[in-house]
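Contents: one structure, followed by commentary.
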Amino acid sequence: MLTMNNVDVLLSSQSPRRAELLRQIGVRFCKINAECEEVLGGDESAPDYVQRLASDKAQAGWQVATAEGLRLPVLGSDTTVACEGRILEKPSSLDEAMAMLRHLSGGVHQVYTGVSLIYPGLEEAEYQQVTRVAKTDVWMRPISDAQIEAYWKTGEPKDKAGGYGIQGFGSAFVEKISGSFTNVVGLPLEIVVQLCEEYNIPIWQNDPNEIGEQ
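Residue numbers (this note's numbering): 30 to 243.
Here is the structure:
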């Protein structure tokens, strides 16, 4: 069983980056581990894809929470990179990372993140769900194959959509962005803060640490 103490949100994600961003704005949260299949539909656009997955992740977290008897808001999120109509997910090999970063090199691409919040209603079976999507344009410097190989050896690209992390070593590849920086990291805080304001979820708490994990 989960034990909750001063928790305001359940984060349906194991991403350390999303957890750190929630801490940054002082949200008191607890991570829960909820399984959610991430399969791209054949005709899905990037914004539709992240909107669906964010909603599915929130739903999966809600099911885990209700099974444990918890009635707390649940936050789900998903991020992807799109370039010239092609969706770039997480590379599983150097060859995949090489192909992705060559595709991004010297051009502009888009980062999309879906954010979905489920908020419990007055009755046990009732809840509200709202899902929003953020978009950021990212311009990349020209990237050489030698740089991609060296970057792969750092281990950073392996769990990053598009094969790079803007908050880490991958920032060396970025020329400029237009839009939300935290969206590119993995959780657009402007959307999170809006949702917190709309649903009376406190931010700027004195001890914004995760309390536990499932």
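Just so it is clear, CB atoms sit at the ideal spot from N, CA and C, and this is done for glycine as well. It should be emphasised that the depicted structure is a prediction, and the values quoted were computed from it without experimental measurement.
Report yes if the CB atom of residue i is closer than 8 Å to the CB atom of residue j, and no otherwise.
{"i": "Ser-84", "j": "Ser-145", "result": "yes"}
{"i": "Ser-42", "j": "Ser-106", "result": "yes"}
{"i": "Ile-116", "j": "Ala-75", "result": "yes"}
{"i": "Lys-96", "j": "Leu-39", "result": "Just to set this straight, residue 96 is Ala in the shown sequence, not Lys. Contact flag unset, no."}
{"i": "Gly-55", "j": "Ile-232", "result": "yes"}
{"i": "Lys-164", "j": "Gln-139", "result": "yes"}
{"i": "Gly-215", "j": "Thr-142", "result": "yes"}
{"i": "Pro-171", "j": "Gly-135", "result": "yes"}
{"i": "Leu-101", "j": "Val-36", "result": "yes"}
Among the residues of its own chain, which have a CB less than 6 Å from the CB of residue i, if the five just before and after it don't count?
{"i": "Met-127", "result": "Ile-177"}
{"i": "Gln-157", "result": "Tyr-148"}
{"i": "Ile-206", "result": "Thr-165, Val-167"}
{"i": "Ile-220", "result": "Val-144, Arg-161, Ala-163"}
{"i": "Val-222", "result": "none"}
{"i": "Ala-111", "result": "Ala-75, Gln-139"}
Express the C-alpha separation of residue j and residue i in angstroms, rounding to a whole number.
{"i": "Leu-224", "j": "Ala-175", "result": "43 Å"}
{"i": "Gln-234", "j": "Gly-71", "result": "43 Å"}
{"i": "Trp-181", "j": "Gly-192", "result": "9 Å"}
{"i": "Val-103", "j": "Ala-179", "result": "38 Å"}
{"i": "Arg-46", "j": "Lys-189", "result": "11 Å"}
{"i": "Pro-120", "j": "Cys-65", "result": "19 Å"}
{"i": "His-132", "j": "Gly-114", "result": "12 Å"}
{"i": "Ser-200", "j": "Met-169", "result": "9 Å"}
{"i": "Glu-49", "j": "Val-162", "result": "20 Å"}
{"i": "Glu-204", "j": "Gln-53", "result": "25 Å"}
{"i": "Ser-44", "j": "Glu-227", "result": "24 Å"}
{"i": "Phe-202", "j": "Leu-130", "result": "9 Å"}
{"i": "Glu-125", "j": "Gly-150", "result": "44 Å"}
{"i": "Leu-69", "j": "Tyr-78", "result": "7 Å"}
Just to check, is the beta-carbon of residue i closer than 7 Å to a non-hydrogen atom of the ligand MN?
{"i": "Glu-185", "result": "Absence of the ligand MN is noted for the structure shown, with no ligands found whatsoever."}
Please state the DSSP three-state secondary structure of residue i.
{"i": "Pro-171", "result": "coil"}
{"i": "Ser-41", "result": "coil"}
{"i": "Glu-204", "result": "strand"}
{"i": "Ile-116", "result": "strand"}
{"i": "Gln-158", "result": "strand"}
{"i": "Asp-72", "result": "coil"}
{"i": "Leu-146", "result": "strand"}
{"i": "Thr-211", "result": "helix"}
{"i": "Gln-223", "result": "helix"}
{"i": "Gln-139", "result": "strand"}
{"i": "Asn-63", "result": "A small correction: the amino acid at residue 63 is Ala; Asn does not occupy that position in the sequence shown. The answer is coil: DSSP assigns Ala-63 none of H, G, I, E or B."}
{"i": "Lys-187", "result": "helix"}
{"i": "Val-110", "result": "strand"}
Check whether the Cβ of residue i lies closer than 8 Å to any Cβ atom in chain D.
{"i": "Ile-206", "result": "The structure shown contains no chain D; it is built from a single protein chain."}
Excluding the 5 residues flanking residue i on each side, which residues of the same chain have their C-beta closer than 8 Å to its C-beta?
{"i": "Lys-86", "result": "Ser-41, Ser-42, Ala-63, Cys-65, Gly-105, Ser-106, Asp-107, Ser-145"}
Closer than 7 Å by C-beta to residue i: which residues in its own chain qualify, once you throw out the five before and the five after it? Chain order, please.
{"i": "Glu-153", "result": "none"}
{"i": "Gly-194", "result": "Glu-185"}
{"i": "Asn-212", "result": "Val-140, Thr-142, Ala-163, Thr-165"}
{"i": "Ser-209", "result": "Ala-163, Thr-165, Pro-217, Glu-219"}
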